[in-house]
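Visitor:
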């Protein structure tokens with residue numbers, strides 16, 4: 453299969469829908485992104501890298517970062533992590549606060565914001581420097597220059613972060629976090645403000661396609677643990693559209709409101725797409741379409 | 453790999469936990485089942501069948517039937533079905549009625565009871581005889597003698613069916629069903645009352661592992677549609693423990709309160725386990741454990 | 453104070469808003485009522501009766517009937533009734549099913565439909581003929597010819613009653629009712645289908661203004677119990693607008709989707725207003741306005 | 453009626469239940485209060501003051517303060533306030549966050565914490581010094597020495613205030629507050645930390661029994677507005693037990709977790725009771741019982 457040609461073909465096929473949807477507008481740095489941009493990269497476990505369109509342009513990875521913080525914490529805490537956060541899909545967004553209340557502050561999964569705050573809190577406790585640990589990991593997997601924190605995004609996130617602050621205080625009221633609310637929030641906002649390209653993210657995610665093996669050949673965690681993160685991505689990775697994403701794309705994936713989606717092809721490689729215009733669930737319209745076309749053309753869904 | 457030896461090994465390994473959990477007790481026919489029974493069967497796409505322990509004993513398939521009614525309706529309605537029922541995980545059980553109310557009677561997925569009632573309603577409209585169509589399908593896939601309706605279960609289901617009646621009337625109040633409430637309920641209760649063995653169910657599910665090909669070589673639906681049913685099973689098939697099931701087992705699966713679980717190994721085959729004692733989510737304790745051990749030992753999870 | 457002149461004045465003042473709002477349209481018999489009709493009656497504890505506009509025209513009393521069934525049951529069951537139904541306001545309508553689920557089928561108060569079904573069920577158990585008991589009571593208070601059951605409304609209610617059927621089956625699933633679901637529903641639909649005029653209803657409610665004394669001088673229940681029914685009317689009598697009704701009108705009141713509202717002036721008398729066009733909460737727009745004007749002009753709110 | 457004898461009689465009658473319930477224990481200053489203390493005061497509109505037991509002992513007024521901040525804001529904002537906060541009962545506590553989410557951050561009434569934060573925010577905007585305005589008002593009504601802020605309570609409230617901080621940030625995320633979250637929280641915690649006695653609170657509430665007239669004869673707001681605050685107290689003043697309080701006591705009342713309850717006898721006077729041990733809804737066990745006995749003995753409920 454000519455993978456480069458395939459990516460190019462998909463890039464041309466999605467042109468008509470570029471700009472469909474709505475760019476995240478809660479902070480200026482995201483609102484000003486051109487909604488018709490599109491990039492797609494494929495990094496294979498055999499070491500090849502393919503890319504099309506804006507695949508080397510940096511964008512705000514936002515919640516895609518949650519895959520990496522979860523992996524880092526799970527590699528140290530192991531199964532004990534699941535006493536701090538669940539691993540069930542969260543139902544519709546309306547229910548998020550309800551569920552948190554009903555379950556006495558135990559976040560339903562590590563990819564909703566409340567769960568990511570708990571994971572961040574834990575990463576702070578484990579490393580003393582959550583941001584440093586995350587950036588170091590990403591640079592080791594994707595290359596030194598592949599990653600930077602966008603300070604203007606970080607400042608805006610903090611300023612507009614009342615909803616996350618509400619969640620963090622709510623968690624604190626249930627004794628669900630170990631560090632101070634302000635420290636956790638600050639760290640959380642900064643990890644959401646990381647900029648990477650499709651190329652960088654695809655490389656950074658390869659340890660999941662290699663079932664735990666990092667770029668330098670060392671093992672982050674067991675084969676079984678890698679599979680389990682893939683399972684959590686599939687059931688919880690795309691907000692309240694996880695069922696639809698599994699149905700259409702059939703791959704473990706994690707999206708962010710910056711328009712990026714990271715998708716794992718177990719044992720084969722990692723896809724990363726970027727398209728800033730989002731559907732009503734917060735997932736990239738062009739990104740989901742491109743991934744859908746990729747798995748339909750290749751038959752490489754996990755099902 | 454010696455699959456027969458593997459099944460036997462797993463059967464002996466789960467012996468210590470047999471009886472852990474609680475047998476469904478809302479109707480006498482289920483309450484009286486011996487909680488320590490256990491069976492497991494594997495039907496391969498290459499035509500082999502393996503089984504261990506009580507793998508040929510009939511049990512009440514209950515909600516496992518929902519996979520087959522969904523498949524039959526999807527084969528005729530295609531994507532149009534999703535205007536009648538969603539395909540997202542349902543969150544915790546407490547939320548089921550909330551979500552149904554919030555989403556104006558659109559059931560969240562075809563495997564919660566409200567969704568299955570809508571699918572049953574549609575199967576009645578399409579076939580005129582939903583029960584006949586379902587039994588005919590199951591017998592063609594699993595063998596003439598593999599299937600029967602347990603009349604005592606059916607009568608008990610109808611008698612104890614106030615919650616399903618509440619759901620059906622609620623759906624009717626939102627104009628979500630086409631046939632009379634009583635007709636839909638009657639048909640639904642009877643399909644839940646089907647008895648089959650692990651062997652029979654494993655064979656009956658092979659069309660999903662073969663991506664749409666039935667036992668006689670004809671196609672029920674496209675490869676893509678088969679994959680999509682697998683996706684719905686993975687995200688929604690085990691009540692509000694779908695995330696945990698994906699995490700531990702990593703296979704598309706559908707459970708029933710009779711203690712059965714059907715799990716699909718795409719392109720390889722179908723597993724069916726049975727253990728009547730259930731965990732708090734309504735899934736067989738021994739069944740989930742046996743499947744977990746199977747995928748851990750073989751590495752055959754989809755992730 | 454010239455009460456007749458006051459009622460006439462209010463009737464002329466509300467003319468500009470007659471027709472504002474929306475007539476209940478879920479059954480034809482209600483949908484066809486002229487939205488600009490208006491009536492108001494005042495029956496005093498001293499035996500006077502005043503009325504204006506359409507005060508002698510019969511209308512469908514609908515949920516106003518719940519005050520009378522509650523009173524009849526409370527007069528026999530006493531405080532024990534509150535083990536079957538709560539007496540707290542129900543919050544917004546969206547939450548009704550949630551609350552019922554959360555509280556394991558215990559209806560929040562006797563004036564939401566679920567609670568009224570429980571009260572009806574109890575009245576059936578106590579009397580053997582709930583409808584007969586209710587009609588007999590109303591006729592003894594308001595006069596023989598003041599009450600009849602509108603058979604076309606009753607038939608329509610039964611036909612369109614899926615939501616109430618859902619509630620009744622849900623209650624049955626929690627063992628909250630004693631009689632068969634069908635018998636309870638039938639009785640409930642018929643009590644909602646009673647037709648009376650403002651004059652008749654105002655007279656029928658006088659036992660509450662007289663703190664328990666019926667028209668014939670006998671006592672239905674104690675002074676204290678009468679006050680307590682007034683309290684339940686004030687906190688729960690006007691759907692999810694009880695707070696606003698207390699704020700504007702300041703009287704115990706019970707409304708129905710036929711456009712009637714019964715309001716108690718403790719020790720002074722009973723007001724009944726009728727205006728078929730409803731606000732978004734299901735209360736008569738003109739009715740609430742007329743009552744607001746009445747208590748503002750007289751200062752006779754309970755506060 | 454010998455009101456002093458009546459209060460003494462009630463005080464002796466409630467002795468057997470003193471200590472039933474549970475003292476608020478989320479901060480040390482409340483947890484250390486002797487649960488068997490009890491006080492009761494009655495201030496009449498004719499200028500008499502009666503008291504029994506610990507009626508002159510200061511206690512933490514907590515949420516009773518919400519009546520006064522609401523009154524101060526309503527006296528300036530008038531009806532416009534209700535665009536910022538609703539006036540409907542809030543249903544059970546579980547639903548509070550649901551409702552806040554469902555209603556896009558509009559608090560259901562001014563007496564739930566979210567609503568009180570909005571009122572506090574508004575008082576800050578109107579006065580520049582919410583605490584000063586509140587203390588000044590209370591001192592002018594109750595006497596110079598009747599009021600002080602307990603600094604140890606204020607410090608503890610701030611330290612343990614994660615849940616209120618969560619609410620405030622949630623409100624901010626919906627643009628429901630005008631001042632900074634920290635400023636609003638600080639002011640809110642301090643008003644909850646005011647200490648007063650039954651005597652002081654009863655005097656301070658007299659303007660509501662006098663329908664708007666303050667101690668110095670000036671009018672805080674109209675008769676109609678005073679009645680409306682009484683209505684809000686009756687429907688929303690005792691957490692999720694407002695229906696039960698109206699049923700048993702039949703007076704507008706506002707309770708606090710310090711164990712105080714302020715109850716209005718329109719045109720007659722104001723009752724204040726104090727008993728630190730709370731029921732499961734957060735209302736004083738002995739306090740509610742004492743008020744129940746008072747209205748039963750006097751017949752002075754509003755119904």
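Chains as they are written, first to last, in the working numbering: chain A, 453 to 755; chain B, 453 to 755; chain C, 453 to 755; chain D, 453 to 755. From the three backbone atoms N, C-alpha and C, an ideal C-beta is built for every residue, glycine too.
1. Within 8 Å of any Cβ in chain A, is that where the Cβ of residue 745(B) sits?
2. How is the beta strand (DSSP E) around residue 713(D) delimited, first residue to last?
3. Under 6 Å Cβ to Cβ from residue 606(C), same chain only, skipping five residues before and after it: list those, please.
4. Listing by chain order, which chain A residues have their CB less than 9 Å from the CB of residue 618(D)?
5. Could you check what DSSP says for residue 507(D) in three-state terms: helix, strand or coil?
6. Identify whether residue 600(B) lies in helix, strand or coil by the three-state DSSP scheme.
7. Starting from residue 567(D), follow the beta strand (DSSP E) in both directions and report where the run begins and ends.
8. Anything in chain A within Cβ reach of residue 527(B), meaning under 8 Å, just list it in chain order.
9. Strictly under 8 Å for the Cβ-Cβ distance: is residue 674(C) near chain D by that measure?
10. Assuming the contact rule is C-beta atoms closer than 8 Å, residue 750(B) and residue 702(B) should be a hit. Round their C-beta distance to whole Å, please.
11. Given that a residue counts as buried once 16 or more other Cβ atoms are within 10 Å of its Cβ, and exposed if not, what is residue 604(D)?
12. DSSP beta-bridge partners for residue 475(A)?
13. Please check if any C-beta of chain B sits within less than 8 Å of the C-beta of residue 540(A).
14. Thinking C-beta only, is residue 705(C) closer than 8 Å to residue 727(C)?
15. Excluding five sequence neighbours on each side, which residues of the same chain lie with their C-beta closer than 8 Å to the C-beta of residue 525(B)?
16. Rank 458(D), 479(D), 663(D), 716(D) by C-alpha distance to the C-alpha of residue 609(D) and give the top, closest one.
17. Which same chain residues end up closer than 6 Å to residue 652(A) when comparing Cβ atoms and leaving out the 5 residues on each side of it in sequence?
18. Does any CB atom of chain A fall closer than 8 Å to the CB of residue 686(B)?
19. For residue 674(B), which of helix, strand or coil comes out of DSSP?
20. What first and last residue would you give for the alpha helix (DSSP H) that runs through residue 739(D)?
21. Are any of the Cβ atoms in chain D nearer than 8 Å to that of residue 614(A)?
22. Output the distance between the C-alpha atoms of residue 682(A) and residue 660(A), rounded to the nearest integer angstrom.
23. For residue 481(A), count the other beta carbons within 10 Å of its own beta carbon; 16 or more makes it buried, fewer makes it exposed. Which is it?
24. Suppose you measure from the CA of residue 708(A) to the CA of residue 568(A); what does that come to, to the nearest Å?
25. In whole angstroms, what is the alpha-carbon distance linking residue 554(B) and residue 741(B)?
26. Please confirm if residue 682(B) has its CB atom under 8 Å from at least one CB of chain A.
27. Chain B partners of residue 695(A), CB-CB under 9 Å?
28. When the Cα of residue 457(C) is compared with those of 472(C), 505(C), 490(C), which residue comes out closest?
29. Would you kindly report the start and end of the unbroken alpha helix (DSSP H) that includes residue 517(C)?
30. Would you say residue 754(B) reaches chain A, if we count a Cβ-Cβ gap shorter than 8 Å as a contact?
31. If I'm right that residue 636(B) touches residue 699(A) with Cβ under 8 Å, what's the distance once you round it to whole angstroms?
32. For residue 639(D), does the three-state DSSP call read helix, strand or coil?
33. Could you say if the region 459-471 of chain C and the region 491-499 of chain B meet the contact criterion of at least three C-beta pairs nearer than 8 Å?
34. Determine, using beta carbons only, whether residue 699(A) comes closer than 8 Å to chain B.
35. Would you mind stating whether residue 668(D) and residue 592(D) have Cβ atoms separated by less than 8 Å?
36. CA-CA distance, residue 691(B) and residue 588(B)?
Guide: Here's the rundown:
1. Chain A contact via Cβ: absent.
2. Looking at the DSSP string, the run of the beta strand (DSSP E) that includes residue 713(D) is 712-717.
3. Correct list, in chain order: 641, 642, 645.
4. Neighbours of residue 618(D) on chain A, chain order: 617, 618, 619, 620, 621, 622, 623, 624, 625.
5. Residue 507(D) falls in the coil class under three-state DSSP.
6. In this structure, residue 600(B) counts as strand in the three-state DSSP scheme.
7. Per DSSP, residue 567(D) belongs to no beta strand (DSSP E); it is in the alpha helix (DSSP H), 565-579.
8. What residue 527(B) touches in chain A, judged by beta-carbon distance under 8 Å, is nothing: the nearest beta carbon there is about 16 Å away.
9. False, the Cβ-Cβ gap to chain D never drops below 8 Å.
10. About 11 Å separates the CB atoms of residue 750(B) and residue 702(B); that is not less than 8 Å, and the two are not in contact.
11. A residue is called buried once 16 or more other Cβ atoms fall within 10 Å of its Cβ, and residue 604(D), having fewer, is exposed.
12. Residue 475(A) is bridged to 729(A).
13. True, the Cβ-Cβ gap to chain B drops below 8 Å.
14. The Cβ atoms of residue 727(C) and residue 705(C) do not sit closer than 8 Å to each other.
15. Around residue 525(B): 533, 571, 574, 575, 578.
16. When the alpha-carbon of residue 609(D) is set against those of 458(D), 479(D), 663(D), 716(D), the nearest one is in 479(D).
17. Excluding residues within five positions, the ones whose Cβ falls inside 6 Å are 594, 598.
18. Taking 8 Å as the CB threshold, residue 686(B) lines the interface with chain A.
19. Taken through DSSP and simplified to helix, strand or coil, residue 674(B) comes out as coil.
20. Where residue 739(D) is concerned, the enclosing alpha helix (DSSP H) stretches over 737-750.
21. Yes, because at least one Cβ of chain D sits closer than 8 Å to the Cβ of residue 614(A).
22. Rounded to whole angstroms, the separation of the alpha carbons of residue 660(A) and residue 682(A) is 7 Å.
23. Classification for residue 481(A): buried.
24. Counting only the Cα atoms, residue 568(A) lies some 13 Å from residue 708(A).
25. Here the alpha carbons of residue 741(B) and residue 554(B) stand approximately 35 Å from one another.
26. The beta carbon of residue 682(B) falls within 8 Å of a beta carbon belonging to chain A, placing the residue at that interface.
27. Going along chain B in sequence order, the residues near residue 695(A) (Cβ under 9 Å) are 538, 539, 540, 541, 560, 561, 683, 684, 687, 688.
28. Per the Cα distances, 505(C).
29. Looking at the DSSP string, the run of the alpha helix (DSSP H) that includes residue 517(C) is 517-529.
30. Answer yes: the Cβ-Cβ gap between residue 754(B) and chain A drops below 8 Å somewhere.
31. Not quite, the Cβ-Cβ distance comes to about 25 Å (not below 8 Å), so this is no contact.
32. In this structure, residue 639(D) counts as helix in the three-state DSSP scheme.
33. Touching, no, given that fewer than three Cβ pairs across the two stretches are closer than 8 Å.
34. Among the residues facing chain B, residue 699(A) is included, as its CB has a counterpart in that chain under 8 Å away.
35. Yes; because the gap between Cβ atoms is below 8 Å, this pair is in contact.
36. If I take the Cα positions, the gap works out to 27 Å.
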